[in-house]
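What follows is a single structure, written as structure tokens, with notes after it.
Here's what the structure looks like:
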């Protein structure tokens, strides 16, 4: 697959039922996101609702 941008991945996943699949440090999650996008895999990184952030 062709690499994706974060904004295109967000567009592709808009309205999809998302399931948290990984947990880790912000730095680790950013690295994972970049690897997925480079491989053409749409991915979002963030805290799920109710995770106590914000």
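Numbering (the working numbering), first residue to last: 10 to 63.
No residue lacks a Cβ here, since even glycine has one placed at the ideal position from N, Cα and C.
In its own chain, which residues sit with a C-beta less than 8 Å from the C-beta of residue 21, not counting the 5 before and 5 after it?
For residue 21, the CB contacts under 8 Å within the same chain, skipping 5 residues up- and downstream, are 13, 51 in chain order.
Just reading off the alpha helix (DSSP H) that residue 38 is part of, what are its end residues?
It spans 35-47 - the alpha helix (DSSP H) in which residue 38 sits, taken as one unbroken run.
Please report the straight-line C-alpha distance between residue 42 and residue 23, rounded to a whole angstrom.
Rounded to the nearest angstrom, the two C-alpha atoms are 17 Å apart.
Go to residue 21, then tell me how far its alpha helix (DSSP H) extends in each direction, as first and last residue.
In this chain, the alpha helix (DSSP H) harbouring residue 21 covers 15-22.
When you compare only the Cα positions, how much space is there between residue 19 and residue 38?
In this structure, the alpha-carbon of residue 19 lies about 16 Å from that of residue 38.
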